[in-house]
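A.B. asks: Just passing along the structure, written as structure tokens.
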Amino acid sequence: MRDQAGGCLCGAVRFVLKAEPQAVVICHCTHCRKQSGSAFSINLLMREDDVEVSGETRFFVDHGDSGLPSYRHFCPNCGSPLMTRAENLPGVAIVKAGALDDPASVRPQAEIYTDHALGWFTPVAGAARYEQAPPPAR
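One point on numbering: in the numbering used here, the residue at position 23 of the sequence shown is 20, and numbering is uninterrupted.
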């Protein structure tokens, strides 16, 4: 999946992922659900330095379970959600898989906040499942 590209619906914001993601995670939390406008959000955890963005984004400041701010970036023209930067994950850009030009190669490795998953959702085979956020990597 090297040098995967993506962007917003109107094309005003584009990005290139210059490395493999650190992780691909499905999040079932209420915040991701509402922000994505869907039943869950598929997120690529990338090093910030590996995400090259062109065009201007705006952001909404959200506060999740950590109590720290999360900056949910979107296109100011079309409103497409693109990525999140969270203060509890310094140096990480959380890129929305739905914003990729070709998301077919994205394979979720984990599901988080499964205690919020909708009842009809079928767990992803082979993906680790966490009722809340997983413990921090050591």
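Glycine residues also receive a C-beta, built at the ideal position from the N, C-alpha and C atoms.
All of these numbers come straight from a predicted model, not from anything done at the bench.
#1: Would you mind working out which of Arg82, Gly76, Gln19 and Asp62 sits nearest Tyr110, comparing C-alpha positions?
#2: Can you list, in chain order, the residues of its chain with a C-beta nearer than 6 angstroms to that of Arg135? Leave out the 5 residues immediately preceding and following it.
#3: Take every Cβ of the stretch 36 to 55, pair it with every Cβ of the stretch 86 to 99, and state whether three or more of those distances are shorter than 8 angstroms.
#4: Rounded to whole angstroms, how far is the Cβ of Ala16 from the Cβ of Asp98, which I believe are closer than 8 angstroms?
#5: On the DSSP letters alone, give me the boundaries of the beta strand (DSSP E) that Lys93 sits inside.
#6: Can you list, in chain order, the stretches of the beta strand (DSSP E) that have 3 or more residues and sit fully within the stretch 20 to 89?
#7: Would you mind working out which of Phe37, Ser33 and Ser102 sits nearest Ala146, comparing C-alpha positions?
C.D. replies: Short version:
#1: Selected option, being the one with the closest Cα: Asp62.
#2: Residue confidence for Arg135 is low, a pLDDT of 47 falling below 50, so the modelled location carries little weight and cannot support an answer.
#3: Flag = yes, the stretch 36 to 55 and the stretch 86 to 99 touch.
#4: Rounded, the Cβ-Cβ distance is 17 angstroms, inconsistent with contact.
#5: For Lys93, the uninterrupted beta strand (DSSP E) segment begins and ends at Val89 to Lys93.
#6: Whole beta strand (DSSP E) segments, 3+ residues: 20 to 24, 38 to 44, 48 to 51, 55 to 60, 66 to 71 and 78 to 83.
#7: Since the first residue of the chain shown is -2 and the last is 135, residue 146 is not available in this structure.
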